[in-house]
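In the numbering used here, the protein residues as written are 122 to 650.
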Amino acid sequence: MFARSLRFSGTSKVVSILFSAFALGTSVCSAANADNLTVRRLGHVDGDLASGIAKQVRLVAFSRQHDAPVLLEGATLSRLNDADRRELKATYQAGYTIVLLDANAQHIKALHAIVGAGFGFRSKESASMMAYALRRENLVPTAMVLTPMSRSPLQTADGKPDATAVADDALALGRAVDRTVTELRRQPTPIVAGPPASPDGTIEWDQNPLQTDTFAVSTSQGVYNTEINVFALHRCLDNTDHYVVTAAADWTATQAKWQGATSAGSNPSMYQDNNGNLVINWQDGRTFCSSGGAGADFDDVCRYANYPLSYGLTMVPRNEGTVIQTNAAPAATQGQQTTYTSGFSFSIGGTVNVSANGPGGGLSANATWSNTTQTTVPPLIVEVGNTGNEGAAWNFKYCTTGLEPDPGTDCTGHVQMVKDVCQAQLGDDSGTDPQLGQTANGKFSNVVQSAHWTADPDTRTQAPTFDIEVGFTASIGTTIAHLGYGLVTGPDPIAGCNQFGCACVSSTEVNPVVRSVTFEIPFPATACK
Numbered sequence: 122m123f124a125r126s127l128r129f130s131g132t133s134k135v136v137s138i139l140f141s142a143f144a145l146g147t148s149v150c151s152a153a154n155a156d157n158l159t160v161r162r163l164g165h166v167d168g169d170l171a172s173g174i175a176k177q178v179r180l181v182a183f184s185r186q187h188d189a190p191v192l193l194e195g196a197t198l199s200r201l202n203d204a205d206r207r208e209l210k211a212t213y214q215a216g217y218t219i220v221l222l223d224a225n226a227q228h229i230k231a232l233h234a235i236v237g238a239g240f241g242f243r244s245k246e247s248a249s250m251m252a253y254a255l256r257r258e259n260l261v262p263t264a265m266v267l268t269p270m271s272r273s274p275l276q277t278a279d280g281k282p283d284a285t286a287v288a289d290d291a292l293a294l295g296r297a298v299d300r301t302v303t304e305l306r307r308q309p310t311p312i313v314a315g316p317p318a319s320p321d322g323t324i325e326w327d328q329n330p331l332q333t334d335t336f337a338v339s340t341s342q343g344v345y346n347t348e349i350n351v352f353a354l355h356r357c358l359d360n361t362d363h364y365v366v367t368a369a370a371d372w373t374a375t376q377a378k379w380q381g382a383t384s385a386g387s388n389p390s391m392y393q394d395n396n397g398n399l400v401i402n403w404q405d406g407r408t409f410c411s412s413g414g415a416g417a418d419f420d421d422v423c424r425y426a427n428y429p430l431s432y433g434l435t436m437v438p439r440n441e442g443t444v445i446q447t448n449a450a451p452a453a454t455q456g457q458q459t460t461y462t463s464g465f466s467f468s469i470g471g472t473v474n475v476s477a478n479g480p481g482g483g484l485s486a487n488a489t490w491s492n493t494t495q496t497t498v499p500p501l502i503v504e505v506g507n508t509g510n511e512g513a514a515w516n517f518k519y520c521t522t523g524l525e526p527d528p529g530t531d532c533t534g535h536v537q538m539v540k541d542v543c544q545a546q547l548g549d550d551s552g553t554d555p556q557l558g559q560t561a562n563g564k565f566s567n568v569v570q571s572a573h574w575t576a577d578p579d580t581r582t583q584a585p586t587f588d589i590e591v592g593f594t595a596s597i598g599t600t601i602a603h604l605g606y607g608l609v610t611g612p613d614p615i616a617g618c619n620q621f622g623c624a625c626v627s628s629t630e631v632n633p634v635v636r637s638v639t640f641e642i643p644f645p646a647t648a649c650k
């Protein structure tokens, strides 16, 4: 009943104002930055992302000097002449960034073919990405993948974004522009490669990735970056292939916030319109996150919006044949803590052929690996398990020992705003405030997951590449409490508190942000002499 009557008026006007504000902000930024960064534009570029980029950089005609980054649309690649292709390859080799806008898997593979480096991937969620940035760092193909923008789930009853959602979506677009411009600004770096491979020596395999990809999830609910490093080698002694994938997370709930509204006062932020529909104009802060108590002649409503409940990551090999998960880290379920040890150490004896673009690629007498590290995080419970075909899965959960545990668990991941609480500012004294990582000031970062697989020769017979699917999920919650008690005539049809204006309850809506990519890793070379 309530869901059908809730609405927010003036949404389209707010959209126009906010996106105009975004354009104004970037145009001011453009004046300061245009002289600092020159970007060569190849062909026509269009769309909101391209417009935002153009306001922050100085776009010039494509030249063949390979002395600046390049911006083009993915579809333009099919229309290039030989001279254009040679220039893109020279730009990559010089260390400058090449950015494809609206790039699908075929566009990305085409770029890799032109520059002679990189391997492809595919995604189940989207046919194309907002942007794909490729550069060479220390001889390693290094990419940033900007996934399609995830819009805010906060809505009015008629399915339109509410005012907070409009503002958050505009900020998300601005962050997507800034993230792409950051890649364009990267300058070529000197090559500082490790020792070359030697048939008589030992190679430090963890220092020789085949490729590095950072997946940037542009969302109105937060910033979610996951850096993936892929490693591959062939062991001559038993004719097996070995693969390691590491994932480093940097996830921040930038838009988590308290909001409330009240029917009190001469200019209420919650009221019923002439048609009997409830109107809520959310106000930032916790001013109205309280119950009026017995005898109150007004209603309050409160929510904590866009905060993380958990983060999850999976790594699953997808090839037919014999694949064994040799190791994964963190390796066991751990109770709530702020530090944990990740990574592992091992050696692979006998001649190996390492897949790498730098001097570490090729034959070595054996290989060692060591990426053990201790990580400090906000209070989390780390759940670890296996999934799929010898895959590994990790789930990082925010948990308290509160009065409203999640169904079937002793973990309370949601913010408990009001359960059995009667006080002016709910949550302050009841252990219900958000944890550090659930606030806009908290960050879940420097966290590394690693998995190592051994693959037999039969994995090469059914597919042209060895495929590993990496999936990540940020479960985002919005908890709302209706703080009236229904014994007076108030505008809010939901009575969330008992007759004394206490023992209030809340509800939590979970909105997962899900992304997955399958890396198409070339099989390691089998030459052993």
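All C-beta atoms in this analysis are idealised placements derived from N, C-alpha and C, irrespective of residue type, glycine included. Since we're looking at a predicted model, the values are computed, not measured.
Do you know how far the Cα of residue j is from the Cα of residue i?
i      : j      : result
Lys378 : Ala254 : 32 angstroms
Ala293 : Phe517 : 24 angstroms
Thr493 : Ala353 : 19 angstroms
Leu305 : Gln342 : 25 angstroms
Gln227 : Asp394 : 52 angstroms
Phe640 : Asp418 : 60 angstroms
Ser412 : Cys623 : 7 angstroms
Leu198 : Cys410 : 54 angstroms
Ser637 : Asn346 : 13 angstroms
Asn567 : Ala374 : 15 angstroms
Ala576 : Thr582 : 12 angstroms
Asp359 : Pro578 : 10 angstroms
Ala144 : Asp289 : Note that Ala144 scores a pLDDT of 46, beneath 50, so its modelled location is shaky; the value from the coordinates is reported in the next line. Approximately 15 angstroms between the Cα atoms of the pair.
Gly241 : Gly563 : 33 angstroms
Thr367 : Val351 : 7 angstroms
Ser249 : Gly216 : 25 angstroms
Ala616 : Leu267 : 43 angstroms
Gln328 : Thr447 : 19 angstroms
Cys625 : Tyr606 : 9 angstroms
Tyr432 : Phe593 : 7 angstroms
Ala488 : Thr521 : 43 angstroms
So, residue i versus residue j, is the Cβ gap smaller than 8 angstroms?
i      : j      : result
Cys649 : Thr361 : no
Met251 : Ser339 : yes
Trp574 : Tyr364 : yes
Leu399 : Pro612 : yes
Val475 : Ser485 : yes
Leu163 : Asp205 : yes
Thr599 : Asn427 : yes
Leu604 : Asp405 : no
Ile324 : Phe336 : no
Leu222 : Leu170 : yes
Asn259 : Ala314 : yes
Val181 : Arg200 : no
Ala318 : Gly512 : no
Ile589 : Arg439 : yes
Ala646 : His187 : no
Gln495 : Thr443 : no
Assign residue i to one of three DSSP states: helix, strand, or coil.
i      : result
Tyr217 : coil
Glu246 : coil
Asp299 : helix
Ser184 : coil
Lys650 : coil
Thr560 : coil
Pro578 : helix
Gly548 : Model confidence at Gly548 stands at a pLDDT of 40, short of 50, so the residue's coordinates are unreliable and nothing is read from them.
Ala449 : strand
His233 : helix
Ser491 : strand
Ala426 : strand
Val569 : strand
Trp403 : coil
Val631 : strand
Which term fits residue i, buried or exposed, when burial requires 16 or more other beta carbons within 10 angstroms of its beta carbon?
i      : result
His165 : exposed
Gly131 : Only weak support exists for where Gly131 lies, its pLDDT of 32 falling under 50; the value from the coordinates is given anyway. Classification for Gly131: exposed.
Gln177 : buried
Val634 : buried
Ala284 : buried
Gly506 : exposed
Asn396 : exposed
Glu441 : exposed
Taking the alpha carbon of residue i as the point to measure from, which residue in the options has its own alpha carbon closest?
i      : options                   : result
Ala725 : Gln328, Gln570 and Arg256 : Examination of residue 725 is not possible in this model, given that the chain is present from 122 through 650 alone.
Arg257 : Ala224, Lys281 and Arg307 : Arg307
Gln276 : Phe465, Val287 and Ser387 : Val287
Leu434 : Ala572, Pro614 and Pro320 : Ala572
Gly168 : Ala297, Thr218 and Arg243 : Ala297
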